[in-house]
Amino acid sequence: MSRLAHSVHRVRPGAAALTTATAVLAACTVQWAPAAVAARAPAGGSAPAGASTLSAGWTEPWGISFLPGGKRALVTERHSSTVWLQGRDGSKKKVGAVPNTVNGTAGAGVGNGGLLGVAPSPTWNGTTDRDVFFVHTAAEGTRVVKMRFDGTSLSGYTVVLGGIRRGGDHNGGRIAFGPDGYLYVTTGDAREGALAQDRNSLNGKILRITRTGAAAPGNPFGNRVYSLGHRNPQGLAWDARGRLWESEIGADTWDELNLIQPGADYGWPACEGGCSAAGMTNPKAVWKPGDGGVPAQLAVVDNSVYASTLRGERLWRLPINADGRSVGRLTAFYNGAYGKLRALAKVPGTNELWLGTDRNGYQLDKILKVTVR
Numbered sequence: 136m137s138r139l140a141h142s143v144h145r146v147r148p149g150a151a152a153l154t155t156a157t158a159v160l161a162a163c164t165v166q167w168a169p170a171a172v173a174a175r176a177p178a179g180g181s182a183p184a185g186a187s188t189l190s191a192g193w194t195e196p197w198g199i200s201f202l203p204g205g206k207r208a209l210v211t212e213r214h215s216s217t218v219w220l221q222g223r224d225g226s227k228k229k230v231g232a233v234p235n236t237v238n239g240t241a242g243a244g245v246g247n248g249g250l251l252g253v254a255p256s257p258t259w260n261g262t263t264d265r266d267v268f269f270v271h272t273a274a275e276g277t278r279v280v281k282m283r284f285d286g287t288s289l290s291g292y293t294v295v296l297g298g299i300r301r302g303g304d305h306n307g308g309r310i311a312f313g314p315d316g317y318l319y320v321t322t323g324d325a326r327e328g329a330l331a332q333d334r335n336s337l338n339g340k341i342l343r344i345t346r347t348g349a350a351a352p353g354n355p356f357g358n359r360v361y362s363l364g365h366r367n368p369q370g371l372a373w374d375a376r377g378r379l380w381e382s383e384i385g386a387d388t389w390d391e392l393n394l395i396q397p398g399a400d401y402g403w404p405a406c407e408g409g410c411s412a413a414g415m416t417n418p419k420a421v422w423k424p425g426d427g428g429v430p431a432q433l434a435v436v437d438n439s440v441y442a443s444t445l446r447g448e449r450l451w452r453l454p455i456n457a458d459g460r461s462v463g464r465l466t467a468f469y470n471g472a473y474g475k476l477r478a479l480a481k482v483p484g485t486n487e488l489w490l491g492t493d494r495n496g497y498q499l500d501k502i503l504k505v506t507v508r
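Quick note: the sequence shown uses our numbering, first residue 136, plus one each step.
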């Protein structure tokens, strides 16, 4: 099956270039899924007003997740296996490392592995609840693990869920607590596309699990699988209405923004981007990998989805339409200004994003503070 032959999209021009001291608005060609074209984008809406350096000296920060209270976040560094505590005042402190993490190069069979996502318990308080969850690659595969964090240092190590195959890349790795209190975990296909269609495999999926690693109640297939047909999903974010959005790195033709429904099949490996195959759920927007694509992570601010990109080296804004099921006109910011962008999180209680650069070199990456107005 030709993936391109099954992709039906309309092309609209991107925004004109605008340069300020802190932001670059990129001119690009962007493509919408058919459902997104039909709906009208909401008028007005906020947008990034500027970016500044919150902290420097990072080496590939992968995940950012705020502790309850919203004043501090835990940040993971992929290849050092290190976890840091980042304050809103710019301070940062090393709090430990996740043991048993295997990392290296793609040639060594690890590639985009290492220490990936982080998710503190929504009721973490450092005393009666110290749980923090991580995704990392180990010698035998990818794991979801739990450690204790008392506000100063990490300790303990418990495997919550193993048995996820590890590839040279395509390891997914995003983990987050949903509004329902359950853990959502993105897993890649580990370069074995057929796994994404196997409901009994943990790979190529979004998983929904309890804190002990069991299948969450109400899952569509009675196991840990929440949705399937994913290639390499790395972005998860819920909007104000509790809908789950996901970003996914495709192969050669399309990268995707998806609106996730329980039990839905998002097509991989039969489809990349939109397609006419029966039973497949089409994306809400797509990018060409070489034209602003390869989306990494997501955040939602003021009814807009924001997507960091690796090859695209920009931050995309995708306003959610009034129907809640599609997105409007896409706009790009910081095109090439900071290099590849990956780690992304909304700061609780304020219209602000934290945005991490990726692979600028040893201790040359930054976490940027992006004000949205």
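Note that the Cβ used here is the ideal one computed from N, Cα and C, for glycine as well.
From 391, 312, 293, 344, residue whose alpha carbon lies closest to that of residue 421: Along the sequence shown, read from residue 1 onward, the residue named residue 421 stands at position 286. Checking every option, the nearest Cα to that of residue 421 belongs to 391.
In angstroms, rounded to a whole number, what distance separates the CA positions of residue 138 and residue 408? Here the question's residue 138 lines up with position 3 in the sequence shown. Here the question's residue 408 lines up with position 273 in the sequence shown. Note that residue 138 scores 33 on pLDDT, short of 50, meaning its location in the model is unreliable; the coordinates nonetheless yield the value given after this. Within the model, the alpha-carbon separation for residue 138 versus residue 408 is close to 8 Å.
Helix or strand or just coil, what does DSSP make of residue 476? Taking the first residue of the sequence shown as 1, we reach residue 476 at position 341. Strand at residue 476.
Can you tell me the Cβ-Cβ gap for residue 478 and residue 432, rounded? I've got them flagged as a contact below 8 Å. Here the question's residue 478 lines up with position 343 in the sequence shown. Here the question's residue 432 lines up with position 297 in the sequence shown. Beta-carbon to beta-carbon, residue 478 and residue 432 are separated by about 6 Å, close enough to satisfy the 8 Å threshold.
Tell me, to the nearest whole angstrom, how far the beta carbon of residue 366 is from that of residue 383; I am working on the premise that it is less than 8 Å. One-based indexing of the sequence shown puts residue 366 at position 231. One-based indexing of the sequence shown puts residue 383 at position 248. Rounded, the Cβ-Cβ distance is 6 Å, consistent with contact.
Which of the three DSSP states is assigned to residue 332 in this structure? If you number the sequence shown from 1, residue 332 lands on position 197. Per DSSP, reduced to three states, the secondary structure at residue 332 is helical.
In whole angstroms, give me the CA-to-CA distance for residue 237 and residue 277. Your numbering for residue 237 matches position 102 in the sequence shown. Your numbering for residue 277 matches position 142 in the sequence shown. Taking the CA atoms as reference points, residue 237 sits about 10 Å from residue 277.
When 488, 181, 189 are compared against residue 502, the one with the closest alpha-carbon: In the sequence shown, residue 502 corresponds to position 367, counting from 1. Closest by alpha carbon: 189.
Might you give, ordered along the chain, the residues of its own chain that have their beta carbon closer than 6 Å to the beta carbon of residue 323, omitting 5 neighbours on each side? Here residue 323 corresponds to residue number 188 of the sequence shown, with the count starting at 1. Only 305, 306, 307, 367 meet the Cβ criterion.
Does the Cβ of residue 314 have 16 or more other Cβ atoms within 10 Å, making it buried, or fewer, making it exposed? On the sequence shown, residue 314 is found 179 positions in, with the first residue counted as 1. Residue 314 should be labelled exposed.
Assuming residue 453 and residue 443 are in contact, meaning their beta carbons sit under 8 Å apart, how far apart are those beta carbons, in whole angstroms? On the sequence shown, position 318 is the one that residue 453 refers to. On the sequence shown, position 308 is the one that residue 443 refers to. With 8 Å as the limit, residue 453 and residue 443 do not qualify as a contact, their Cβ atoms being about 12 Å apart.
State the Cα-Cα distance for the pair residue 169 and residue 425, rounded to the nearest angstrom. As a working mapping, residue 169 is identified with position 34 in the sequence shown. As a working mapping, residue 425 is identified with position 290 in the sequence shown. Its pLDDT being 35, under 50, residue 169 is placed unreliably by the model, and nothing is read from it.
Separation of residue 393 from residue 417, as counted between CA atoms: As a first step, residue 417 is located in the sequence shown; it is residue number 282 there, counting from the start. As a first step, residue 393 is located in the sequence shown; it is residue number 258 there, counting from the start. As the crow flies, the alpha-carbon of residue 417 is around 7 Å from that of residue 393.
Whose C-beta lies closer than 8 Å to the C-beta of residue 328 among residues of the same chain, with five residues either side of it excluded? Along the sequence shown, one-based indexing puts residue 328 at 193. Closer than 8 Å at Cβ, skipping near neighbours: 339, 366, 403, 404.
In its own chain, which residues sit with a C-beta less than 6 Å from the C-beta of residue 507, not counting the 5 before and 5 after it? Taking the sequence shown and counting its residues from 1, the one referred to as residue 507 is at position 372. Excluding positions up to five away in sequence, the list reads 181, 183, 436, 486.
Could you give the distance in angstroms between the alpha-carbon of residue 504 and the alpha-carbon of residue 202? In the sequence shown, residue 504 corresponds to position 369, counting from 1. In the sequence shown, residue 202 corresponds to position 67, counting from 1. In a straight line, the C-alpha of residue 504 is about 17 Å away from that of residue 202.
Let me check understanding here. Comparing Cα to Cα, which of 309, 283, 361 lies closest to residue 271? Mapped onto the sequence shown, residue 271 falls at position 136. Among 309, 283, 361, the Cα nearest to that of residue 271 belongs to 309.
If we call anything under 8 Å between Cβ atoms a contact, is residue 249 one with residue 214? Translated into positions along the sequence shown, residue 249 becomes position 114. Translated into positions along the sequence shown, residue 214 becomes position 79. With respect to the 8 Å criterion, residue 249 and residue 214 are classified as neighbours on the basis of their beta carbons.
At the level of alpha carbons, what is the spacing between residue 499 and residue 474? As a first step, residue 499 must be located in the sequence shown, where it is residue number 364. As a first step, residue 474 must be located in the sequence shown, where it is residue number 339. Rounded to the nearest whole angstrom, the CA to CA distance from residue 499 to residue 474 is 11 Å.
Nearest by alpha-carbon distance to residue 493: which of 445, 482, 461, 302 is it? By one-based count along the sequence shown, residue 493 stands at place 358. The shortest Cα separation from residue 493 among 445, 482, 461, 302 belongs to 445.
Could you please give me the residues that DSSP links to residue 438 through a beta bridge? Working through the sequence shown from its first residue, we reach residue 438 at position 303. Its beta-bridge partners do not exist; DSSP assigns none.
Between residue 229 and residue 221, how many whole angstroms is the CB-CB distance? I'm expecting something under 8 Å. For this step, residue 229 is matched to residue 94 along the sequence shown. For this step, residue 221 is matched to residue 86 along the sequence shown. Contact annotation, residue 229 with residue 221: C-beta distance approximately 11 Å; criterion of less than 8 Å not satisfied.
Between the Cα of residue 118 and those of 449, 456, 463, 483, spot the shortest distance and give me the residue it belongs to. Lying outside 136 to 508, the shown extent of the chain, residue 118 is not represented and no answer is given.
Quick check: the segment 342-357 against the segment 368-376, are there 3 or more CB pairs under 8 Å? Verdict: no, contact absent.
What's the call for residue 480, buried or exposed, on a 16-neighbour Cβ count within 10 Å? Here residue 480 refers to the residue found at position 345 of the sequence shown. Buried, by the Cβ-count rule.
By a C-beta neighbour count over all protein chains shown, 10 Å radius and 16 as the cutoff for buried, is residue 195 buried or exposed? By one-based count along the sequence shown, residue 195 stands at place 60. With 16 or more Cβ atoms within 10 Å of its Cβ, residue 195 is classed as buried.
Sheet register partners of residue 503 (DSSP bridge): Here residue 503 refers to the residue found at position 368 when the sequence shown is read from its first residue. DSSP lists 188, 490 as partners of residue 503.
Can you say whether residue 212 is buried or exposed, counting buried as having 16 or more other CB atoms within 10 angstroms of its CB? Here residue 212 is taken as the residue at index 77 of the sequence shown, counted from 1. Residue 212 comes out buried.
Could you have a look at residue 420 and say whether DSSP puts it in helix, strand or coil? Here residue 420 refers to the residue found at position 285 of the sequence shown. Strand.
Report back the beta-carbon spacing between residue 209 and residue 253 to the nearest angstrom; my notes put them in contact at under 8 Å. Taking the first residue of the sequence shown as position 1, residue 209 is located at position 74. Taking the first residue of the sequence shown as position 1, residue 253 is located at position 118. Confirmed, about 5 Å.
Rounded C-alpha distance that separates residue 356 from residue 266: Reading the sequence shown from its first residue, position 221 is the one you call residue 356. Reading the sequence shown from its first residue, position 131 is the one you call residue 266. Each residue's Cα considered, the two are about 28 Å apart.
Apply the 10 Å Cβ neighbour rule to residue 186 and answer buried if 16 or more other Cβ atoms are within range, or exposed otherwise. For the purposes of this step, residue 186 is taken as the residue at position 51 of the sequence shown. That one is buried.
Would you kindly work out how many angstroms separate the C-alpha atoms of residue 294 and residue 378, rounded to a whole number? For the purposes of this step, residue 294 is taken as the residue at position 159 of the sequence shown. For the purposes of this step, residue 378 is taken as the residue at position 243 of the sequence shown. Going from the Cα of residue 294 to the Cα of residue 378 covers about 29 Å.
Going by DSSP, name the residue or residues bridged to residue 362. Start at 1 with the first residue of the sequence shown, and residue 362 comes out as number 227. According to DSSP, residue pairing for residue 362 in a beta bridge involves 341.
Taking residue 287 as the reference, give the member of 468, 358, 341, 218 with the closest Cα. The count along the sequence shown starts at 1 and reaches residue 287 at position 152. Nearest option by C-alpha distance: 218.
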